[in-house]
Amino acid sequence: MIILRLFVAFFVVGLVSFGGGYATIPVIQREIVSLHHWLSAREFVEVVAVSQMTPGPVAVNMATFTGYRVAGVWGGVVATLGVVLPSVLVSGAVFLLVRRFQRHRFLQSFFSGVRPVVLVLLLAAAFYTARGAELDLRGWLLAGAALLLSWRFRLDPVLVLLGAAALGLWLY
Amino acid sequence: MRSSRQVGRLFLSFLRIGTFTLGGGWAMLPLIQSEVVDKQKWLEEREFVDLLALAQSVPGAVAVNTAVMVGYRVAGAWGLLAAVAGAVLPSLLVILLIAPYLVRWRAHPLVGQAFAGVRPAVVALIGAAALRLWPVAIPDRRALLIMALALLALGAGLHPVWVLAGGGLLGWWLYR
Numbered sequence: 001m002i003i004l005r006l007f008v009a010f011f012v013v014g015l016v017s018f019g020g021g022y023a024t025i026p027v028i029q030r031e032i033v034s035l036h037h038w039l040s041a042r043e044f045v046e047v048v049a050v051s052q053m054t055p056g057p058v059a060v061n062m063a064t065f066t067g068y069r070v071a072g073v074w075g076g077v078v079a080t081l082g083v084v085l086p087s088v089l090v091s092g093a094v095f096l097l098v099r100r101f102q103r104h105r106f107l108q109s110f111f112s113g114v115r116p117v118v119l120v121l122l123l124a125a126a127f128y129t130a131r132g133a134e135l136d137l138r139g140w141l142l143a144g145a146a147l148l149l150s151w152r153f154r155l156d157p158v159l160v161l162l163g164a165a166a167l168g169l170w171l172y
Numbered sequence: 001m002r003s004s005r006q007v008g009r010l011f012l013s014f015l016r017i018g019t020f021t022l023g024g025g026w027a028m029l030p031l032i033q034s035e036v037v038d039k040q041k042w043l044e045e046r047e048f049v050d051l052l053a054l055a056q057s058v059p060g061a062v063a064v065n066t067a068v069m070v071g072y073r074v075a076g077a078w079g080l081l082a083a084v085a086g087a088v089l090p091s092l093l094v095i096l097l098i099a100p101y102l103v104r105w106r107a108h109p110l111v112g113q114a115f116a117g118v119r120p121a122v123v124a125l126i127g128a129a130a131l132r133l134w135p136v137a138i139p140d141r142r143a144l145l146i147m148a149l150a151l152l153a154l155g156a157g158l159h160p161v162w163v164l165a166g167g168g169l170l171g172w173w174l175y176r
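Line order of the protein sequences matches chains A and B. Letter by letter, the first sequence follows residues 1 to 172 in my numbering. Letter by letter, the second sequence follows residues 1 to 176 in my numbering.
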């Protein structure tokens with residue numbers, strides 16, 4: 001039953017992938033290319049490229065696209081459900097647990113220490129995205145303008161993205 | 001009644017967020033921040049950072065984890081489902097409907113040009129989200145110290161989950 005195997009494979013991917021989309025790519029590669037031979041190495045590169053272009057988290061897109069390639073529309077739906085379900089179960093449980101003890105002094109001081117790390121992780125994400133994008137001078141100017149509009153003027157990110165896409169068409 | 005309206009608004013908010021998440025899951029966080037903190041005022045900035053911390057400490061895509069927690073926090077189990085469905089539906093539809101064409105389109109010059117503009121914007125949006133959190137995350141010198149140590153630890157290649165745990169333990173000791 002290919003549908004069930006897709007679900008299980010992507011449930012495992014969702015469960016063992018920590019730390020964002022790009023950390024997930026090798027996990028999916030092992031599961032899909034090396035273990036199940038659902039895609040060839042070349043097809044996998046294609047799936048990664050398309051998943052980076054379509055809206056949404058890369059890991060979720062890769063699940064949808066791989067499932068679709070392997071078993072059609074239902075394959076795509078089932079693989080997506082599989083990769084998302086661990087998030088729902090684990091995040092939901094952790095949220096409930098933390099909310100129950102949120103008044104506890106230990107948790108309050110613990111979170112005071114975690115917040116600076118979250119800031120660093122966001123800065124690191126911006127840094128790695130910038131490095132991966134290989135920006136030229138026009139790119140850096142555009143990034144500077146977008147940063148100012150978003151940070152200082154709280155411009156809606158959707159407008160920033162649409163404006164940037166239009167500028168890209170015009171500049172490049 | 002009030003809660004079912006919240007569920008509907010959560011779904012629409014996350015549908016909008018999911019539609020415009022370009023360039024990977026991290027790009028979703030500034031969109032969630034703008035929608036959930038600024039527009040709908042469901043969370044305060046500080047609560048948002050704390051949810052982000054939890055979302056990064058558990059398996060799965062950070063964006064989906066954040067949707068789960070924000071949804072539950074705003075409107076319970078139905079809110080959770082509405083937020084996740086809204087966040088995932090756009091990518092699901094886009095891939096199922098136009099996946100066969102995407103493989104060919106991706107080489108089209110117009111697509112490349114638009115993305116050449118979008119990529120720096122994504123960098124800027126994530127950076128701006130971080131700068132916005134600065135006053136909440138770094139209120140004093142102890143937090144600044146934790147931040148510096150976290151930078152070193154990440155630079156040395158330590159996994160984010162361990163850095164988060166280390167920051168928390170250090171916080172427990174420094175903020176007793």
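Even for Gly, the Cβ is constructed at its ideal location relative to N, Cα and C. If you're wondering where the values come from, they're calculated on a predicted model, not measured in any experiment.
Any Cβ of chain B closer than 8 Å to the Cβ of residue 53 of chain A would place that residue at the interface, and such an atom is present.
Secondary structure note for residue 172 of chain A: it is in no alpha helix (DSSP H), with a DSSP letter that is neither H nor E.
Any Cβ of chain B closer than 8 Å to the Cβ of residue 167 of chain A would place that residue at the interface, and such an atom is present. For residue 84 of chain B, same chain residues with a beta-carbon under 8 Å away, outside a window of 5 residues either side, are 14, 64, 67, 68 and 71 in chain order.
In this structure, the CA atom of residue 1 of chain A is about 34 Å from the CA atom of residue 26 of chain B. Residue 99 of chain A has its alpha-carbon roughly 10 Å from the corresponding atom of residue 93 of chain A. Rounded to whole angstroms, the separation of the alpha carbons of residue 124 of chain A and residue 86 of chain B is 27 Å. Across the set B/58, B/31 and B/150, the C-alpha of B/31 shows the shortest separation from the C-alpha of residue 19 of chain B. Residues of the stretch 150-164 of chain A with a C-beta atom less than 7 Å from some C-beta of chain B are 150, 151, 154, 156, 157, 158, 160, 161 and 164, listed in chain order. Identification of chain A residues near residue 82 of chain B by a Cβ-Cβ cut-off of 9 Å yields none; the smallest Cβ-Cβ distance measures about 12 Å. Considering only A/148, A/112 and A/158, the residue with the shortest C-alpha distance to residue 138 of chain B is A/112. Within 10 angstroms of the beta-carbon of residue 126 of chain A lie 16 or more other beta-carbons, which makes it buried. Residue 40 of chain A carries a coil assignment under DSSP once its states are collapsed to helix, strand and coil. Listed along chain A, the residues sitting closer than 8 Å to residue 175 of chain B by beta-carbon distance are 108, 109, 112 and 113. Remark: three or more beta-carbon pairs, one from each stretch, lie closer than 8 Å, so the stretch 46-56 of chain B and the stretch 129-149 of chain B are flagged as touching. Think of a sphere of 8 Å around the beta carbon of residue 86 of chain A: the chain B residues whose beta carbon falls inside it are 59 and 60, in chain order.
If you draw a straight line from the Cα of residue 28 of chain A to the Cα of residue 40 of chain A, it comes to about 13 Å.
Residue 152 of chain A: not part of any alpha helix (DSSP H); DSSP gives it neither H nor E. Three or more beta-carbon pairs drawn from the stretch 88-97 of chain B and the stretch 68-80 of chain A are found closer than 8 Å, and the two stretches are therefore classed as touching. For residue 10 of chain A, the uninterrupted alpha helix (DSSP H) run begins and ends at 2-16, by DSSP. The Cβ neighbour count for residue 115 of chain B, taken over all protein chains shown within 10 Å, is at least 16; the residue is labelled buried.
At least one CB of chain B lies nearer than 8 Å to the CB of residue 116 of chain A. Between residue 84 of chain A and residue 65 of chain A, the C-beta gap is not smaller than 8 Å, which leaves the two residues out of contact.
Listed along chain A are 122, each with a C-beta nearer than 7 Å to that of residue 129 of chain B. In the DSSP annotation of this structure, the continuous segment of the alpha helix (DSSP H) that includes residue 132 of chain A starts and ends at 105-133.
With its beta carbon less than 8 Å from one in chain B, residue 92 of chain A belongs to the interface. When C-beta distances to chain A are compared with 8 Å, the residues of the stretch 94-115 of chain B below that value are 94, 95, 96, 99, 102, 103, 106, 110, 111, 112, 113, 114 and 115, in chain order.
When Cβ-Cβ separations below 8 Å define contact, residue 119 of chain B makes contact with chain A.
Residue burial annotation: residue 50 of chain B is buried, with at least 16 other C-beta atoms found within 10 angstroms of its C-beta. Between the stretch 126-137 of chain A and the stretch 146-158 of chain B, the count of C-beta pairs closer than 8 Å stays below three; the two stretches do not touch.
Proximity of chain A to residue 91 of chain B at the Cβ level (cut-off 9 Å) is accounted for by 51, 54, 55, 56, 57, 60, 61, 64 and 80, in chain order.
Between residue 44 of chain A and residue 33 of chain A, the C-beta gap is smaller than 8 Å, which places the two residues in contact.
Contact check for residue 10 of chain B against residue 75 of chain B passes: the beta carbons are separated by less than 8 Å. Pairing residue 143 of chain A with residue 135 of chain A gives a Cβ-Cβ distance under 8 Å.
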